[in-house]
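Quick note: the sequence shown, position 311, residue 311 per full-length UniProt numbering, numbers continuous.
Virtual Cβ for every residue (Gly too), placed ideally from N, Cα, C.
As structure tokens, the structure follows; a few thoughts come after it.
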Amino acid sequence: MVANFWWYNGETRKTHWINWKKLCIPKSQGGMGFRDLQAFNLAMLSKQLWRIILNPGSLLSRVLRAKYFPNGQALLAPVGRNPSYTWRSIQAAQQVVRGGLRWRICSGRSIRIWGDPWIPRPFSFSVLSSPTAASPDMRVCDLIDATSKEWNHGLLQPCPYGALPLVPSPPRWSPPDRSVIKLNFDGATFASSSEFGLGVITRNSLGECIGWKVVRKKGLHKPEMVEAFAAREAILIACGFGWKEIILEGDCATLYFKLSSSQPDCSDSSAIIRDIKFLASGFDSCSFSLIRRTGNKAAHWLARQASSLASEGDCLPPLLSAYLLSDED
């Protein structure tokens, strides 16, 4: 039908010069960029199914759940007997949603180590090794230290290699208003050692550095996730000092827009972003600011020095003083 729209003139049938699937390949990949209506339809249905899952209190979700998935598992619900056209259409999108679905770790009590998609590694999102005979039903919470809330490295050490991965802005820095503290943050990844570094520097209204901190952590994550970790580290510092009015400033535009938005976020960093917003609500004033990398050199340098620099201090390392001046140039 779509081909006829482009090549049929009502009298004679024209030649289809190229396979329709090739026409639907994006222009950036050498195709014509025609829209695949079947894939587009599945994408729209997948959005509806995802909304049903995210909004269980909506009228549509409650009506469909009462008839087709009373156990609350829309992704596992069968078509059923005499399904409505609406449910049959939405149910066709289950495989699409499941293909891109993965768990976000909170407590980890409901997530199976083997079998559930929870590893931030395309395309399986699952542990690749086979389960051990002694613990085939272990949960992710068993891998987390209950006291420190971090991975239990002693337990993970014997795991086979690869089973678990180790997961318009101002051009220059400007001082905040009086009584306000500005915390600049940045993150850096070290792929060779499967680690990442966080750098935070705090300054007052006079532009004076009143403290800095460097943190080094295990794991490989996307840049946005590392930036989110750095932002959370910055606001935790502010909470620890009891400051009332703060500005969190970084150079990651994606993170800035997510922190400034009131819309729900479902990305990998959504849990950290919620933490930051929750902590921000406890201040008299907490705002988020975006700056170019050229105005965030001090925090960037700190993050890059995570492997060799002391964890924190108020005495400036010699090179850091130079980067502070560079931020203001």
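Per-residue DSSP class, three states only, for cysteine 24: coil
Check whether glutamate 233 and cysteine 252 have beta carbons under 8 Å apart: no
Secondary structure of isoleucine 291, DSSP reduced to three states: coil
Helix, strand or coil at tryptophan 301 [DSSP, three-state]: helix
Boundaries (first-last residue) of the beta strand (DSSP E) holding leucine 128: First-last for leucine 128: undefined, no H or E at that position.
Straight-line Cα distance separating serine 130 from tryptophan 114: 8 Å
Sub-8 Å separation of isoleucine 237 and valine 180 beta-carbons: no
Sufficient close CB pairs (3 or more, under 8 Å) joining the region 248-264 to the region 199-216: no
Span separating the alpha-carbon of valine 167 from that of lysine 47: Unreliable positioning characterises valine 167 in this predicted model, as indicated by a pLDDT of 40, which lies under 50. A coordinate reading is not provided.
Selection from Ser193, Thr294, Ser285 that minimises the alpha carbon distance to serine 307: Ser193
Sheet register partners of tryptophan 151 (DSSP bridge): Ile144
Inter-residue Cα distance where the pair is leucine 290 and isoleucine 276: 16 Å
Supposed close pair valine 79, arginine 65 - CB separation, criterion 8 Å: Actually they are not in contact, since the Cβ atoms of valine 79 and arginine 65 sit about 15 Å apart, beyond 8 Å.
Complete runs of the alpha helix (DSSP H) confined to the region 49-76 [at least 4 residues]: 59-67
Three-state class that DSSP yields for aspartate 186 in the structure shown: strand
Cysteine 239, DSSP secondary structure in three states: helix
DSSP three-state assignment for lysine 258, whether helix, strand or coil: helix
Start-to-end residues for the alpha helix (DSSP H) that takes in arginine 216: It is not in any alpha helix (DSSP H) - arginine 216 instead sits in the beta strand (DSSP E) that spans 209-218.
Classification of proline 183 by the beta-carbon crowding that lies within 10 angstroms, buried from 16 upward: Before going further, note that residue 183 is leucine rather than proline in the sequence given. Its Cβ being crowded by 16 or more others within 10 Å, leucine 183 is buried.
Contact under 8 Å by Cβ, lysine 244 with aspartate 284: yes
Proximity below 8 Å, CB of proline 117 to CB of arginine 139: no
Coil, strand or helix - valine 200 by DSSP: strand
Helix, strand or coil at isoleucine 272 [DSSP, three-state]: helix
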